[in-house]
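A quick write-up on the structure given underneath.
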Amino acid sequence: MHDKFLKPYNPQETEDKIYKLWEESGFFNPDNLPGKPTEHFTVVLPPPNVTGILHLGHAYEDSLQDAVIRFQRMRGKKSLWIPGTDSAAIATQARVEKNIQKEEGKSRHDLGREELVKRIEKFAKESENTILSQVRKMGSSLDWSRYAYTLDETRTKAVTTAFVNMYKAGLIYQGDRIVNWDPKGQTTISDDEIEYKEEKTKFYYLKYGPFTIGTARPETKFGDKYVVMYPDDARYAEYKHGQKIEIEWINGPLIATVIKDTAIDMEFGTGVMTITPWHSAVDFEIAERHKLQREQIIDKYGKLLAIAGEFAGTKITDARPKIVEKLRAKGLVVKEEDYTHNIATAERTGATIEPQIMKQWWVAVNKSFAIPHSEIPGIASGSQTTLKEIMRTAVASGEISIPQEGFQKAYFHWIENLHDWCISRQIWFGHRIPVWYRDSKIYVGLESPKGVGWVQEADVLDTWFSSGLWTFSTMGWPEKTKDLQTLHPTSFMSPAYEILNLWVSRMIMMSGFHLGQVPFRTVMIHGLVRAKNGQKFSKSLNNGIDPIDMISKYGADALRMGLLTGTAIGNDINFDENKIKGYKNFANKLWNITRFILTSTEGHSFDPDFSKWTETDKTLTAERDALIVDITQEMEEYKLYLVSEKLYHYVWHTLADKILEESKPLLGTPGVAEGKGTDAEKKSRAQFLLHTLHIVLKTLHPFIPFVTEEIWLTLPHNTDQKLLMVEKWPIIR
RNA sequence: GCGCGAUUAGCUCAGUUGGUAGAGCAUCUCAUUUACACUGAGAGGGUCGCAGGUUCGAGCCCUGCAUCGCGCACCA
Numbered sequence: 173m174h175d176k177f178l179k180p181y182n183p184q185e186t187e188d189k190i191y192k193l194w195e196e197s198g199f200f201n202p203d204n205l206p207g208k209p210t211e212h213f214t215v216v217l218p219p220p221n222v223t224g225i226l227h228l229g230h231a232y233e234d235s236l237q238d239a240v241i242r243f244q245r246m247r248g249k250k251s252l253w254i255p256g257t258d259s260a261a262i263a264t265q266a267r268v269e270k271n272i273q274k275e276e277g278k279s280r281h282d283l284g285r286e287e288l289v290k291r292i293e294k295f296a297k298e299s300e301n302t303i304l305s306q307v308r309k310m311g312s313s314l315d316w317s318r319y320a321y322t323l324d325e326t327r328t329k330a331v332t333t334a335f336v337n338m339y340k341a342g343l344i345y346q347g348d349r350i351v352n353w354d355p356k357g358q359t360t361i362s363d364d365e366i367e368y369k370e371e372k373t374k375f376y377y378l379k380y381g382p383f384t385i386g387t388a389r390p391e392t393k394f395g396d397k398y399v400v401m402y403p404d405d406a407r408y409a410e411y412k413h414g415q416k417i418e419i420e421w422i423n424g425p426l427i428a429t430v431i432k433d434t435a436i437d438m439e440f441g442t443g444v445m446t447i448t449p450w451h452s453a454v455d456f457e458i459a460e461r462h463k464l465q466r467e468q469i470i471d472k473y474g475k476l477l478a479i480a481g482e483f484a485g486t487k488i489t490d491a492r493p494k495i496v497e498k499l500r501a502k503g504l505v506v507k508e509e510d511y512t513h514n515i516a517t518a519e520r521t522g523a524t525i526e527p528q529i530m531k532q533w534w535v536a537v538n539k540s541f542a543i544p545h546s547e548i549p550g551i552a553s554g555s556q557t558t559l560k561e562i563m564r565t566a567v568a569s570g571e572i573s574i575p576q577e578g579f580q581k582a583y584f585h586w587i588e589n590l591h592d593w594c595i596s597r598q599i600w601f602g603h604r605i606p607v608w609y610r611d612s613k614i615y616v617g618l619e620s621p622k623g624v625g626w627v628q629e630a631d632v633l634d635t636w637f638s639s640g641l642w643t644f645s646t647m648g649w650p651e652k653t654k655d656l657q658t659l660h661p662t663s664f665m666s667p668a669y670e671i672l673n674l675w676v677s678r679m680i681m682m683s684g685f686h687l688g689q690v691p692f693r694t695v696m697i698h699g700l701v702r703a704k705n706g707q708k709f710s711k712s713l714n715n716g717i718d719p720i721d722m723i724s725k726y727g728a729d730a731l732r733m734g735l736l737t738g739t740a741i742g743n744d745i746n747f748d749e750n751k752i753k754g755y756k757n758f759a760n761k762l763w764n765i766t767r768f769i770l771t772s773t774e775g776h777s778f779d780p781d782f783s784k785w786t787e788t789d790k791t792l793t794a795e796r797d798a799l800i801v802d803i804t805q806e807m808e809e810y811k812l813y814l815v816s817e818k819l820y821h822y823v824w825h826t827l828a829d830k831i832l833e834e835s836k837p838l839l840g841t842p843g844v845a846e847g848k849g850t851d852a853e854k855k856s857r858a859q860f861l862l863h864t865l866h867i868v869l870k871t872l873h874p875f876i877p878f879v880t881e882e883i884w885l886t887l888p889h890n891t892d893q894k895l896l897m898v899e900k901w902p903i904i905r
């Protein structure tokens, strides 16, 4: 027995050493696996943003995926886990801009595009290094030879190609449509980057000619010249669609036009409203339907334009009370009441979203096109379909399995409500849109066109555009690489429920369009890691926990097992440091179990084919094997939280507390006490203990890879230092 | 408003197809030159959110309600 078993297990001295052994073995790359397996199991790591350091959520996600990958590798599959990082356009730029503003008092415009992008890239590189070392600390068995970054050359080519192909298919278009404008970040953002916050405000009833209209935003109402009501509303039956009425309004008289539209809710307010198509999505749609004029009231900095007369140049927040005052003086305010509603704010900057009509690039989700090639059941190659149809069918047909029914419903619900996707962003960091302009001409292509005077589109793409390509851009698409031909679709994806819509659906869309395939077979959505009291971890609460701190206190094994055990996948985890501590003790328990077994079986060498079991040991074997059959099934179903708990219980409370205690008088202790068993009993029990130790190490390996590997390498039978990570998961016959 | 999830021991959570309520932590009692104090043996502690229903039998299935969390849509 190795002397090191005389001291308690020390993760700090062990883990980095073991990770290095794994990396040097080359087995993270499945092309090097012994036995050249053919059935593949591929997972692509959801690429962390290069915005700083990893948090417990990442640690959980890494543990979950690594456990699955290690299990599949031990099942004899060609298992590949592809690592990567995400440039995360807006998030990263906002972060760096904030730092520069704070430290140097400069804005991005002071630096200029080139300098800012340089600074962001430097930050991203540092952040990338931090992140990758953290991922290694967790023990993640990623194939680093396939590392990808969303902004590297291969991925950039994939993004450009994807854009051009979708443009050619008519699915990407440029258009004046209403966007979510972030006046602080000075960019558009997608619907998914909006966070709704409750706001208490006043709701005003204003006299608008013969009508009373309700509004919470009087400052947008200057130019309102359409008054809209429900077609069947009896109260307003005397007014006809298209009828003109002269009214007195904020800055004088104007001619209002009556519009009848079903978008109006008769129950709300007075059942009549005026519309501001330039600054409201609903109003914009009404204006589109009736081909109405639209006029900009607020500029992109949130200030009122010339149409506001004396209020021009005033910030909308300052203007509101003054405008109400003026309306009141003119006798146009009928009444006002308190009102609570949700306002849209930008997730990244916190600014209130100001809808604007702007020229932007869009992905058409409802537009029909002929798909050249499709392997998705229900969508035939060459048939007419839409991106939305691809997203729906991929899951509805069962080609992608989302075992958690609730999340599947959420997915379908989201697709039903999906609008065209605004993909242009007015920031500087990210994939620049591959479009060039000269005079009124436009060129879309992989490279800039020949000839002088072409100017490239200033905008960059939404970060989720490149993320959507991730399962196949990481495999080298658009080149027809071997990986792409043999490993796509990937097997498994485990994102947090937060990004089901943002990311998962877009991967399905992109993979469906560009490859005619689904991006993955199984989606197992996981929950969030929260503070112990259920609060979200956040900077403002200052309750963040650095996974690296946990690792240096308790070891990566303990952190992994603590995160994976006890909470069903999909539910939020309330993080409890005590639990992690408990699994540190468990690693040490396993360490001492090994010590005991090796000591008390001295003189017996491991015999894999042993068969002369005593009746008692037959019973013990049957009990153990029943557990292995159980947990193997549960591993296949991704019920890791049950498996680790059962193994913990078996090892500690059955193997150690019962079987080892009962073995003491039977086997004796070398040099201390003679065992009372017969030779046959001793032989049988010694073999049982050695077999069980092997099985326990194998089945625990996906959860606590470091300590199990460390033990495995010191087992006496392992004379040629074979790694546990490529051993076979026990099969019970 | 629509949808999803949660509600089980003091705390954090499991509980497969319906068959006598489980774990970890915490608490209490006892043990101790012990493989391991990062220990062992034991104990207490639950109207399974509430009210109905189906069933021989419900934590689990059905209906309604309550509270909390989340998602979507927003009402001008």
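With the numbering used here as the guide, the letters of the first sequence map in order to residues 173 to 905. Backbone N, C-alpha and C fix where the C-beta goes; we use that ideal spot for every residue, glycine too.
Proximity of residue i and residue j at Cβ, strictly below 7 Å
i: valine 400; j: isoleucine 436; result: yes
i: alanine 231; j: proline 874; result: no
i: valine 690; j: glutamate 561; result: no
i: isoleucine 469; j: glycine 395; result: yes
i: lysine 369; j: isoleucine 515; result: yes
i: isoleucine 904; j: valine 823; result: no
i: leucine 832; j: lysine 854; result: no
i: tyrosine 398; j: isoleucine 447; result: yes
i: proline 650; j: threonine 326; result: no
i: tryptophan 785; j: serine 856; result: yes
i: threonine 635; j: alanine 260; result: yes
i: leucine 641; j: methionine 682; result: yes
i: asparagine 201; j: aspartate 315; result: yes
i: lysine 811; j: asparagine 746; result: no
i: aspartate 405; j: methionine 445; result: no
Close beta carbons around residue i, own chain, < 6 Å, minus the five adjacent residues each side
i: proline 219; result: Gly256, Thr257 and Asp258
i: glycine 688; result: His545, Ser546 and Glu547
i: lysine 340; result: none
i: histidine 462; result: Ile431
i: serine 553; result: His545 and Ser546
i: phenylalanine 782; result: Gln859
Close-in-space but distant-in-sequence residues of the same chain around residue i (CB under 7 Å, 5 per side omitted)
i: glutamine 265; result: Ile292, Ile599, Trp600 and Phe601
i: isoleucine 190; result: Phe878, Glu881 and Glu882
i: glycine 716; result: His227 and Phe709
i: alanine 484; result: Leu476, Leu477 and Ala478
i: glutamate 899; result: Met246 and Lys870
Residue i, buried or exposed, once every other Cβ within 10 Å from all chains shown has been counted against 16
i: alanine 491; result: buried
i: glutamine 184; result: exposed
i: histidine 866; result: buried
i: proline 527; result: buried
i: phenylalanine 584; result: exposed
i: glutamine 237; result: buried
i: histidine 660; result: buried
Residue i: first and last residue of the uninterrupted beta strand (DSSP E) it sits in
i: asparagine 514; result: 505–518
i: methionine 530; result: 526–535
i: methionine 401; result: 398–401
i: proline 425; result: 424–432
i: serine 612; result: No beta strand (DSSP E) contains serine 612, which DSSP labels as neither H nor E.
i: arginine 678; result: Not the beta strand (DSSP E): arginine 678 falls in the alpha helix (DSSP H), residues 677–687.
i: methionine 897; result: Counting along the chain, methionine 897 falls outside any beta strand (DSSP E), and DSSP gives it neither H nor E.
i: histidine 776; result: Unbroken run through histidine 776: none, as it is neither H nor E.
Residues sharing a beta bridge with residue i, DSSP
i: glycine 386; result: Tyr377
i: methionine 445; result: Val400
i: tryptophan 353; result: Thr360 and Glu526
i: asparagine 746; result: Arg702
Chain-order list of residues whose beta-carbon lies under 8 Å from that of residue i (same chain, five-residue window excluded)
i: isoleucine 671; result: Pro218
i: threonine 442; result: Tyr377, Phe383, Thr384, Ile385 and Gly386
First and last residue of the uninterrupted alpha helix (DSSP H) at residue i
i: lysine 581; result: 577–588
i: phenylalanine 768; result: 749–772
i: glutamate 275; result: 261–276
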